[in-house]
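S.K.:
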Amino acid sequence: MDVSRYKIFEHQSRSFSEGTLEYINDQWVFFDDESEEASLLEDFLFQEVEVFSNHRWRKGKLIETDKVRLSNEDFDLQNATKIRIRKNLVYSLERLLEDLHEDAFLQFVMTLNSMEFSIYDCIYCHNHLSFLKEKKNQNGVNMMIFDNGEVICAVQHHFEYFKRINDRFEFTLSTGKRVVIEKLA
Numbered sequence: 243m244d245v246s247r248y249k250i251f252e253h254q255s256r257s258f259s260e261g262t263l264e265y266i267n268d269q270w271v272f273f274d275d276e277s278e279e280a281s282l283l284e285d286f287l288f289q290e291v292e293v294f295s296n297h298r299w300r301k302g303k304l305i306e307t308d309k310v311r312l313s314n315e316d317f318d319l320q321n322a323t324k325i326r327i328r329k330n331l332v333y334s335l336e337r338l339l340e341d342l343h344e345d346a347f348l349q350f351v352m353t354l355n356s357m358e359f360s361i362y363d364c365i366y367c368h369n370h371l372s373f374l375k376e377k378k379n380q381n382g383v384n385m386m387i388f389d390n391g392e393v394i395c396a397v398q399h400h401f402e403y404f405k406r407i408n409d410r411f412e413f414t415l416s417t418g419k420r421v422v423i424e425k426l427a
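Take the sequence shown: its letters are residues 243 to 427, numbered as in this note's numbering.
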């Protein structure tokens, strides 16, 4: 993934699960503030996390169940430590975003964000394009569903990659609002 796309991914809303740690029965447990679900911290080993320390969020990687590697030090976790764990994208959406041409990618993400959705709100993605890698004439429709907690958004991505590059995105909200964008090259 190139640097500009990485920055867009990094700055999406709802890209982290935020919560508190508790040490229970010799195990670190992460309690998600939003969903109130509990998860074993060991399930997130070697993932990007942020630790709230000295009144700010500090980026690092969970290297042990009780330790986060920050840029220049190791941070020992304690009971009631506030942390954020980077969410993973739906795999098929991640592959689709990597395969989109730069202009189509930017238009898609900007439009999604303008409708108060994040790429991390994706709950389903059918990436038909991934089945056409070996074909010279690639055309079809990818389908995605996003849920921001208040509204559902269905997206159809009609694509045609052969003599010309054509990307058309149709966004339909559960409120009835519709937006269509098209990129021809």
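All C-beta atoms in this analysis are idealised placements derived from N, C-alpha and C, irrespective of residue type, glycine included.
#1: Can you tell which of S295, F288, G382, K419 has its C-alpha closest to the C-alpha of I394?
#2: Give a yes or no on contact between the stretch 321–339 and the stretch 370–388, applying the rule of three or more CB pairs nearer than 8 angstroms.
#3: So L263 and F251 are in contact, right, with Cβ under 8 angstroms, and what is the actual spacing, rounded?
#4: Nearest by alpha-carbon distance to H400: which of F350, R410, G391 is it?
#5: Do the CB positions of F286 and K324 come within less than 7 angstroms of each other?
#6: Taking buried to mean at least 16 other C-beta atoms within 10 Å of its own C-beta, is F373 buried or exposed?
#7: Let me know the secondary structure DSSP gives N230 once reduced to three states.
#8: Can you list, in chain order, the residues of its chain whose CB lies under 8 angstroms from that of K303, leaving out five sequence neighbours each side?
#9: Leaving out five residues before and five after I305 in sequence, what residues of the same chain have Cβ atoms less than 8 angstroms from its Cβ?
#10: Mind listing, in chain order, the continuous alpha helix (DSSP H) runs of no fewer than 4 residues lying wholly within the stretch 332–398?
#11: Apart from the five residues on each side of it in sequence, which residues of its chain come closer than 7 angstroms, Cβ to Cβ, to L319?
#12: Could you compute how far the alpha carbon of S445 sits from the alpha carbon of D363?
M.R.: A quick look at the data gives this:
#1: K419
#2: yes
#3: About 25 angstroms; that fails the 8 angstroms criterion.
#4: Comparing Cα-Cα distances from H400 to each of F350, R410, G391, the minimum goes to R410.
#5: In this structure, F286 keeps its C-beta atom at 7 angstroms or more from the C-beta atom of K324.
#6: By the beta-carbon neighbour count (other beta carbons within 10 angstroms, threshold 16), F373 is exposed.
#7: It is not possible to answer for residue 230, since the shown part of the chain is limited to 243 through 427.
#8: F288, Q289, E290, V291, V310, R311
#9: L287, F288, R311, D316
#10: 333–341, 344–356
#11: L263, W270, D308, K309, V310
#12: No statement about residue 445 is possible, as the shown extent of the chain runs from 243 to 427 and does not include it.
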